[in-house]
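For what it's worth, my numbering labels the leading residue of the sequence shown as 26, then goes sequentially. Just so you know, even glycine gets a beta-carbon here, dropped at the ideal spot from N, CA and C. Everything numeric in this text was worked out from a predicted model, so none of it was measured.
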Amino acid sequence: MTTWARTFAGLVAALFVTFTAFGAAVPVIPRLVTEELGGTPFAVGAAFTATAAVTLALRPYGGQLAQRFGGRRLMLAGSALAAVVGALYALPWGLPGLITTRLVMGVAEALLFTAGSVWTVQLAPENRRGQIVGWYGLAMWGGFMAGPALGEALYRLGSYPAVWAAAVVLPLVAVAVLSLLPSGARLPVVSRKLIPGAAVLPGLALGMGAFGYGVLVGFGALALASRGISNGPVLLSVFSAAYITTRLVAGRLPDRLGPMPVIVASSLAEAAGLAMIGFAPGWWVAAAGAVLSGAGFTLLYPSLAMITISRAPEAERGAALGALSSLYDIFFGLAGLVGGVVADISYPGTFALAAAVVLGSLALGPLATRQIPTRQAGVARGEGDQRPSG
Numbered sequence: 026m027t028t029w030a031r032t033f034a035g036l037v038a039a040l041f042v043t044f045t046a047f048g049a050a051v052p053v054i055p056r057l058v059t060e061e062l063g064g065t066p067f068a069v070g071a072a073f074t075a076t077a078a079v080t081l082a083l084r085p086y087g088g089q090l091a092q093r094f095g096g097r098r099l100m101l102a103g104s105a106l107a108a109v110v111g112a113l114y115a116l117p118w119g120l121p122g123l124i125t126t127r128l129v130m131g132v133a134e135a136l137l138f139t140a141g142s143v144w145t146v147q148l149a150p151e152n153r154r155g156q157i158v159g160w161y162g163l164a165m166w167g168g169f170m171a172g173p174a175l176g177e178a179l180y181r182l183g184s185y186p187a188v189w190a191a192a193v194v195l196p197l198v199a200v201a202v203l204s205l206l207p208s209g210a211r212l213p214v215v216s217r218k219l220i221p222g223a224a225v226l227p228g229l230a231l232g233m234g235a236f237g238y239g240v241l242v243g244f245g246a247l248a249l250a251s252r253g254i255s256n257g258p259v260l261l262s263v264f265s266a267a268y269i270t271t272r273l274v275a276g277r278l279p280d281r282l283g284p285m286p287v288i289v290a291s292s293l294a295e296a297a298g299l300a301m302i303g304f305a306p307g308w309w310v311a312a313a314g315a316v317l318s319g320a321g322f323t324l325l326y327p328s329l330a331m332i333t334i335s336r337a338p339e340a341e342r343g344a345a346l347g348a349l350s351s352l353y354d355i356f357f358g359l360a361g362l363v364g365g366v367v368a369d370i371s372y373p374g375t376f377a378l379a380a381a382v383v384l385g386s387l388a389l390g391p392l393a394t395r396q397i398p399t400r401q402a403g404v405a406r407g408e409g410d411q412r413p414s415g
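Right, dumping it as structure tokens:
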């Protein structure tokens with residue numbers, strides 16, 4: 026294994042265990058809000074939105090700081106702060122305290138994921154960039170697949186304290202792993218632009234896909250429970266399993282076909298799956314919808330990240346990757362707020378709205394692809410540098 030591959034494996038492991046900690050809280054937060062804290066579905070959405078609001082503001086800064094000080098240092102800070110989040114969950118300070126905890130989590134996530142994204146692009150051979158970026162994203166989604174299942178199991182075994190303990194221990198494992206890795210590369214001159222133009226259209230397209238994911242996270246289990254369908258908390262794990270499996274099997278498609286065909290197929294699949302969940306008469310139809318949604322959403326990020334990386338000058342690349350994720354967070358947050366309002370009236374209506382928003386990627390994807398400079402288009406298709414893959 027080459028040096029870059031060993032370093033990449035370490036940063037992926039750290040990202041995975043920390044996002045497992047984040048994911049472990051997901052299935053218990055709706056219960057905590059509605060059953061213990063007396064909150065409404067809107068309050069559930071607000072709890073998830075709190076994280077998105079902070080990451081929206083901080084991810085571009087995180088990208089800049091990662092280029093200036095190195096990805097390892099920023100990932101260490103994010104993992105350590107994630108352990109603090111786990112401890113804050115355990116404090117008996119009601120709904121305002123939960124919202125505050127989710128705000129702190131937003132800081133941790135902004136530092137961790139964006140710094141790792143920048144570090145990954147620095148490490149990856151250019152001719153494998155799309156594939157490696159996709160693998161990096163799998164670490165986050167692997168955590169989100171394992172986390173809810175772990176959180177549900179721990180809740181049944183030891184209620185909330187067991188979940189919060191895991192949310193502390195897992196990020197500390199990430200800190201230990203990152204401490205053993207070499208420092209990430211630093212860039213002497215970093216642009217001060219927080220929202221580079223290269224990230225706007227790809228980020229909006231990604232955000233539309235994230236709106237559908239946000240609705241599934243916040244309201245999937247509640248929508249099924251309202252129709253008397255059990256196993257709702259497992260829905261996110263089914264989605265994540267499909268997301269990861271499809272990325273592993275078809276992860277080279279953005280390199281081989283180019284971003285646009287993949288964006289079209291992904292948007293159509295995700296929208297259809299969300300509609301199935303919203304109107305499912307039983308568990309198996311909802312689970313099939315989660316599979317289709319996960320399989321569709323999975324290839325949006327590497328496709329749109331490839332476009333962003335190809336369009337952004339190196340000095341703006343950290344902020345561009347951060348802005349790409351920030352636009353994701355805007356739409357994820359809107360899913361919590363808008364979805365919460367609609368869910369008070371109709372859960373099927375919430376999922377119908379999510380499907381319609383996701384289809385917006387079909388319009389923005391072609392615009393983003395056409396704006397890649399001609400001299401860089403080959404890179405976005407995975408062409409150009411044909412060094413051995415290692």
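At which residues does the alpha helix (DSSP H) containing residue i begin and terminate?
i, result
"S204", "It is not in any alpha helix (DSSP H) - S204 carries neither H nor E in the DSSP assignment."
"F376", "372-383"
"I220", "Careful: I220 lies outside any alpha helix (DSSP H) and carries neither H nor E."
"A275", "260-275"
"E134", "119-148"
"L57", "Looking at the DSSP string, L57 is not in any alpha helix (DSSP H), and its letter there is neither H nor E."
Since residue i and residue j are thought to touch, with beta carbons under 8 angstroms apart, how far apart are those beta carbons, to the nearest angstrom?
i, j, result
"A294", "I302", "Contact flag wrong, Cβ pair sits at about 13 angstroms."
"M233", "V382", "5 angstroms"
"L179", "A49", "7 angstroms"
"F244", "T65", "At roughly 12 angstroms, the Cβ-Cβ gap does not stay under 8 angstroms, so F244 and T65 are not in contact."
"S265", "G228", "At roughly 22 angstroms, the Cβ-Cβ gap does not stay under 8 angstroms, so S265 and G228 are not in contact."
"G442", "G343", "Because the chain is modelled from 26 through 415, residue 442 falls outside the range shown and cannot be assessed."
"F67", "D369", "6 angstroms"
"V129", "L113", "6 angstroms"
"G350", "R153", "According to the sequence as given, residue 350 is Ser; it is not Gly. Actually they do not touch by this definition, with Cβ atoms about 21 angstroms apart."
"V110", "A192", "7 angstroms"
In this structure, does DSSP put residue i in helix, strand or coil?
i, result
"V363", "helix"
"Q89", "helix"
"P327", "helix"
"I254", "coil"
"A305", "coil"
"W166", "helix"
"D369", "coil"
"T45", "helix"
"G415", "Caution applies to G415, whose pLDDT of 32 falls short of 50 and renders its modelled position unreliable; the value that the coordinates give is listed next. G415 falls in the coil class under three-state DSSP."
"A105", "helix"
"L116", "coil"
"G243", "helix"
"P284", "helix"
"A313", "helix"
"A30", "helix"
"G63", "coil"
"V225", "helix"
"G319", "helix"
"V194", "helix"
"G95", "coil"
State yes or no: is the beta carbon of residue i nearer than 9 angstroms to at least one beta carbon in chain D?
i, result
"A305", "No chain D is present in this structure, which holds just one protein chain."
Evaluate the contact criterion for the stretch 190-201 versus the stretch 320-340: three or more CB pairs, one atom per stretch, below 8 angstroms.
When Cβ pairs closer than 8 angstroms are counted between the two stretches, the stretch 190-201 is seen not to touch the stretch 320-340, the count staying below three.
Below 8 angstroms, can you find three or more Cβ-Cβ pairs linking the stretch 218-227 to the stretch 139-155?
No, the stretch 218-227 is not in contact with the stretch 139-155.
Please confirm if the stretch 146-161 is in contact with the stretch 27-39, defined as three or more CB-CB distances below 8 angstroms between the two stretches.
Segment contact: the stretch 146-161 against the stretch 27-39, three or more CB-CB distances shorter than 8 angstroms; contact assigned.
Meets three-Cβ-pair contact criterion under 8 angstroms: the stretch 56-76 and the stretch 119-133:
The count of Cβ pairs closer than 8 angstroms, one atom from the stretch 56-76 and one from the stretch 119-133, reaches three, so the stretches are in contact.
Does the structure place the stretch 353-370 close enough to the stretch 235-242 that three or more beta carbon pairs sit under 8 angstroms?
Output reads yes: the stretch 353-370 touches the stretch 235-242.
Between the stretch 81-99 and the stretch 142-150, do at least 3 Cβ pairs fall closer than 8 angstroms?
Counting Cβ pairs under 8 angstroms, three or more are found: they touch.
Check whether the stretch 366-380 and the stretch 272-284 are in contact - that is, three or more C-beta pairs closer than 8 angstroms.
As far as the Cβ criterion goes, the stretch 366-380 does not touch the stretch 272-284, which means the pair count is below three.
If we count Cβ pairs, one from each stretch, closer than 8 angstroms, do we get three or more for the stretch 240-258 versus the stretch 331-342?
Output reads no: the stretch 331-342 does not touch the stretch 240-258.
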